[in-house]
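Its first residue numbered 1, the sequence shown is counted upward by one per residue in full-length UniProt numbering. Glycine included, every Cβ here is placed at the ideal spot set by N, Cα and C. If you're wondering where the values come from, they're calculated on a predicted model, not measured in any experiment. Everything below concerns the one structure shown next.
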Amino acid sequence: MIHITSQACFLWHTTINKICNRPMFNPLTIRFWGVRGSIPCPGSHTVRYGGNTPCVEIQANGQRIILDGGTGLRVLGEHLMGQQPVTAHLFFTHTHWDHIQGFPFFQPAFVPGNQFHIYAVPGKNGQGIERRLNDQMLHPNFPVPLQIMGGDLRFYDLEVGERVHLGDGVVVSNEALNHPGGGVGYRVSWQGIHVAYITDTEHLPDRLHPGAFALADHADVMIYDATYTDEEYYHPQQSKVGWGHSTWQEAVKLAQAAQVKQLILFHHDPSHDDDCLDRIGELARAQFPQTLLAREGLIISVYPNVIHFPATPQAS
């Protein structure tokens, strides 16, 4: 059984761990630095959920994992500048611009002494992640090349389905998803805790996508691409079929079928303002009560059999 607790209950759930004779660990933590899809959308209408493009940080047993490098990566970088030297593992789902555009502005990568292991499955054109990150920093796109970064950058091309053992019992696996040009989702596992990161994927019309289901199966937390509503996706004049994204209704279907404990709707459409996202959250929770919408600053702490949400976002 999973207990969702407030900050005031922290002592309570650590006591439960002792009673159950489980070893005591620091929690696996998930922090959202960018939650939008397609393009950044700052403004008064996105203040509560945020306008930065995808970047999610997971920490488990001393390992720092960064999922995608949208503009949220710049904000994370500012936070990390006060924690140097930094070692982290960056996993990219694919290299569409909203998932890599924060990398040239990731300050810790410019600092000698910091080390970053950077992973992705090569695109369908065969280009690996080093080439893609390098190319976006060439003229006329950017004033300085990737080579000016002073950090120790190590690049790894992954195979679909490959498992990466980071040490300390932390494992990151991937599965192919349904997205134009290709892309993968990730599953982060540690001490029996599983976090599924399933973004930039389009659901299938007649069945659950096998890769998405494999990532989500019995996950403690599933972060899912809910760019559209069904009404937007199937709109007769402005259909989004074939655009490579999914809906909150499909997120609920997958969460129910995979017996997910906590659903996080993610990759919000830039046209969805705060009030729109509030309404989507209400509708989704009516069908799957354990649903939250990702927002910048949201932190989730996962213990064995316990998910803990801080009462308010922690200060940077």
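Below 6 Å CB to CB, which residues in the same chain sit around residue i once its five sequence neighbours on both sides are set aside?
{"i": "serine 301", "result": "Pro27, Thr29 and His308"}
{"i": "tryptophan 248", "result": "Ala226, Leu265, Ile280 and Ala284"}
{"i": "glycine 128", "result": "Pro122 and Asp157"}
{"i": "alanine 176", "result": "Val160, Val184 and Gly211"}
{"i": "serine 189", "result": "Val171"}
{"i": "serine 173", "result": "Arg163 and Arg187"}
{"i": "glutamate 130", "result": "Phe155"}
{"i": "alanine 120", "result": "Phe92 and Ile129"}
Got a sec: is the Cβ-Cβ distance from residue i to anything in chain B below 7 Å?
{"i": "glycine 242", "result": "Judged by its chain identifiers, the structure shown contains no chain B, having just a single protein chain."}
Residue i and residue j: beta carbons closer than 7 Å?
{"i": "alanine 216", "j": "alanine 251", "result": "no"}
{"i": "glutamine 290", "j": "glutamine 262", "result": "yes"}
{"i": "valine 260", "j": "alanine 294", "result": "no"}
{"i": "asparagine 178", "j": "glutamate 202", "result": "yes"}
{"i": "proline 104", "j": "methionine 81", "result": "no"}
{"i": "glycine 150", "j": "valine 111", "result": "yes"}
{"i": "arginine 31", "j": "isoleucine 299", "result": "yes"}
{"i": "serine 44", "j": "aspartate 98", "result": "no"}
{"i": "isoleucine 66", "j": "glutamate 78", "result": "no"}
{"i": "tyrosine 224", "j": "phenylalanine 91", "result": "no"}
{"i": "histidine 89", "j": "leucine 146", "result": "no"}
Pick from the options: whose alpha carbon is nearest that of residue i?
{"i": "valine 241", "options": "Leu204, Met81, Gly126 and Pro40", "result": "Leu204"}
{"i": "glutamine 107", "options": "Leu90, Val75 and Trp97", "result": "Val75"}
{"i": "threonine 53", "options": "Ala60, Gln238, Ser44 and Trp33", "result": "Trp33"}
{"i": "alanine 196", "options": "Ala176, Glu175, Arg207 and Val221", "result": "Val221"}
{"i": "glycine 126", "options": "Pro145, Thr95 and Ile100", "result": "Thr95"}
{"i": "alanine 255", "options": "Arg64, Gly102, His209 and Gly244", "result": "His209"}
{"i": "histidine 194", "options": "Asp135, Asp274, Ala60 and Asp273", "result": "Ala60"}
{"i": "threonine 93", "options": "Ile198, Asp274, Asp275 and Ser246", "result": "Ile198"}
{"i": "tyrosine 228", "options": "Pro236, Ala214 and His245", "result": "His245"}
Grab me the residues of residue i's own chain with a C-beta within less than 7 Å of its C-beta, minus the 5 sequence neighbours each way, in chain order.
{"i": "leucine 277", "result": "Tyr49, His268 and Leu293"}
{"i": "glycine 62", "result": "Asp168"}
{"i": "alanine 109", "result": "Phe116, Met149, Gly151 and Leu153"}
{"i": "leucine 101", "result": "It should be noted that the sequence gives glutamine, not leucine, for residue 101. For glutamine 101, where only same-chain residues beyond five positions count, the Cβ hits under 7 Å are Thr53, Gly70 and Thr71."}
{"i": "leucine 133", "result": "Ile100, Phe103 and Leu146"}
{"i": "aspartate 274", "result": "His45, Thr46, Val47, Arg48 and Tyr49"}
Can you tell me whether residue i is buried or exposed? The criterion is at least 16 other CB atoms within 10 Å of its CB, across all chains shown.
{"i": "valine 160", "result": "exposed"}
{"i": "cysteine 41", "result": "buried"}
{"i": "valine 47", "result": "exposed"}
{"i": "tyrosine 234", "result": "exposed"}
{"i": "isoleucine 148", "result": "exposed"}
{"i": "aspartate 230", "result": "exposed"}
{"i": "aspartate 200", "result": "buried"}
{"i": "serine 271", "result": "exposed"}
{"i": "arginine 207", "result": "exposed"}
{"i": "serine 239", "result": "exposed"}
{"i": "serine 6", "result": "Since pLDDT at serine 6 reaches only 30, below the 50 mark, its modelled position is unreliable, and no value is offered."}
Apart from the five residues just before and just after residue i, which ones in its own chain have a Cβ nearer than 8 Å to its Cβ?
{"i": "glutamate 232", "result": "Gln238, Lys240, Thr247 and Asp269"}
{"i": "phenylalanine 213", "result": "Leu254, Ala257 and Ala258"}
Report task. Report yes or no: do the region 147-157 and the region 64-78 share at least 3 C-beta pairs separated by less than 8 Å? Result -> no
Query - Stretch-stretch touch, CB-based, cutoff 8 Å, three pairs: the region 109-117 with the region 77-91 - result: yes
Query raised in the report: Does the count of Cβ pairs from the region 163-183 and the region 134-150 closer than 8 Å reach three?
Result: no
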